[in-house]
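K.L.:
Residue numbers (numbering that gives the first Met the number 0): 0 to 220.
Starting off with a structure, shown below.
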Amino acid sequence: MSEPTQNSQRLRVIVADDQAAVREPLAAVLGMAEDIDVVAAAADGTEVLAAVAAGPVDVVLMDLRMPVMDGTEATRRLTEEHPEVAVVILTTFADDDSVLAALNAGATGYLTKNAGRQDITRAIRAAAAGQSVLDREVQNRLLRTVRTKPPASAQPLPRDITPREREVLTLIGQGLPNRAIAEKLFISEATVKTHINNLFAKADIKDRADAVRRALGAGLA
Numbered sequence: 000m001s002e003p004t005q006n007s008q009r010l011r012v013i014v015a016d017d018q019a020a021v022r023e024p025l026a027a028v029l030g031m032a033e034d035i036d037v038v039a040a041a042a043d044g045t046e047v048l049a050a051v052a053a054g055p056v057d058v059v060l061m062d063l064r065m066p067v068m069d070g071t072e073a074t075r076r077l078t079e080e081h082p083e084v085a086v087v088i089l090t091t092f093a094d095d096d097s098v099l100a101a102l103n104a105g106a107t108g109y110l111t112k113n114a115g116r117q118d119i120t121r122a123i124r125a126a127a128a129g130q131s132v133l134d135r136e137v138q139n140r141l142l143r144t145v146r147t148k149p150p151a152s153a154q155p156l157p158r159d160i161t162p163r164e165r166e167v168l169t170l171i172g173q174g175l176p177n178r179a180i181a182e183k184l185f186i187s188e189a190t191v192k193t194h195i196n197n198l199f200a201k202a203d204i205k206d207r208a209d210a211v212r213r214a215l216g217a218g219l220a
């Protein structure tokens, strides 16, 4: 069963992958979701940019390794030229360099290709809502990278952060996704999302990767 967004607007999605055998079935599967319209399929970054320019587009599901223009460069260009479009990376590569390059380029989410349909649609919906979703393996890699390169000076957390928001930040820093946080705190996923939104606004946290860094810098993870 699909999980529709809270409003009735259908999300306009581009699927980008250089392999037609991956791109076309993925577009077909996503198009079955009641709240997603696959408006274009692209084989490289230049085709992504052209499709976004023809718009409107809400989310690009982006492969990394593509000819002509790869996914990282296309993400960087989209972030600069079309900041209203969210990018979710879907790739076989989860090495540190690929993950950090994509996130630094502006990707909102990062999944590996062993993600299921529900994981992908959930990431698309989250990205459209301005939220970040990272594959568990990717999040663990990011944690290890940040831990080996701690910030030179920890930025203090605002005083108005509630104890519950601090708990949520701690669990994000440990690499837990929203569902696991909800189970651990005995609250709903919707409540977790509310705490995260409030936390991000108060602490000027950009995305989940930034939240991990802030949790580590504050000694919470």
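Positions of the beta carbon are idealized from the N, C-alpha and C atoms, including for glycine.
Measuring CB to CB, does L89 end up less than 9 Å from M68?
P.N.:
Not a contact, by the Cβ cut-off of 9 Å.
K.L.:
Specify the secondary structure class of D241 as computed by DSSP and reduced to three states.
P.N.:
Look at the range of the chain in this structure, 0 to 220, and you will see that residue 241 is not part of it.
K.L.:
Suppose you measure from the CA of T120 to the CA of V98; what does that come to, to the nearest Å?
P.N.:
Answer to the nearest angstrom: the Cα atoms are 20 Å apart.
K.L.:
With a CB to CB cut of under 7 Å and the five nearest residues on each side skipped, what residues in its chain are close to H194?
P.N.:
Counting only Cβ-Cβ distances below 7 Å, and skipping sequence neighbours, we find R163, E164 and V167.
K.L.:
Taking DSSP as the reference, what is the three-state secondary structure of G108?
P.N.:
Three-state DSSP puts G108 in a strand.
K.L.:
Based on the DSSP output, what are the partners of M61 in its beta bridges?
P.N.:
DSSP output for M61 lists A15 and I88 as bridge partner(s).
K.L.:
CB K192 to CB Q130, shorter than 9 Å?
P.N.:
Going by C-beta atoms, K192 is nearer than 9 Å to Q130.
K.L.:
Out of P66, A128 and D203, point me to the one whose CA is closest to D17's CA.
P.N.:
Of P66, A128 and D203, the residue nearest in Cα terms is P66.
K.L.:
Quick test of your reading: R11 and V56, contact by CB under 8 Å. State the CB separation rounded to the nearest angstrom.
P.N.:
Between V56 and R11 the Cβ distance is about 5 Å, and since that is below 8 Å, they are a contact.
K.L.:
Under a Cβ-count criterion, where at least 16 other Cβ atoms within 10 Å of its own Cβ denotes burial, should N113 be classed as buried or exposed?
P.N.:
It is exposed - the Cβ of N113 has fewer than 16 other Cβ atoms within 10 Å.
K.L.:
Counting C-beta neighbours from all protein chains within 10 Å, is the total for T74 16 or more, i.e. buried, or is it exposed?
P.N.:
When all chains shown are included, T74 counts as buried.
K.L.:
According to DSSP, what are the bridge partners of L133?
P.N.:
Paired residue(s): Y109.
K.L.:
Please list, in chain order, all residues of the same chain as A210 whose beta carbon is under 6 Å from its beta carbon, the five residues on each side excluded.
P.N.:
These residues qualify, in order along the chain: I171 and I204.
K.L.:
Using a 10 Å radius around the Cβ and a threshold of 16 neighbouring Cβ atoms, would you call E182 buried or exposed?
P.N.:
By the neighbour-count rule (16 or more Cβ atoms within 10 Å), E182 is not buried but exposed.
K.L.:
Could I get the ranges of all uninterrupted alpha helix (DSSP H) runs contained in the stretch 148-201, with 4 residues as the minimum, in chain order?
P.N.:
Runs of the alpha helix (DSSP H) inside the stretch 148-201: 162-172 and 177-184.
K.L.:
Which of the three DSSP states, helix, strand or coil, is assigned to A26?
P.N.:
In this structure, A26 counts as helix in the three-state DSSP scheme.
K.L.:
If you reduce the DSSP assignment to three classes, tell me which class L141 lands in.
P.N.:
Helix, per DSSP.
K.L.:
Let me know the secondary structure DSSP gives A128 once reduced to three states.
P.N.:
Coil, per DSSP.
K.L.:
Express the C-alpha separation of L77 and A128 in angstroms, rounding to a whole number.
P.N.:
Using only the alpha carbons, I get a separation of about 17 Å.
K.L.:
According to DSSP, simplified to helix, strand and coil, what is A114?
P.N.:
Reduced to three states, the DSSP call for A114 is coil.
K.L.:
Alpha carbon to alpha carbon, how far is R158 from V58? Give it in angstroms, no decimals.
P.N.:
Roughly 35 Å separates the two Cα atoms.
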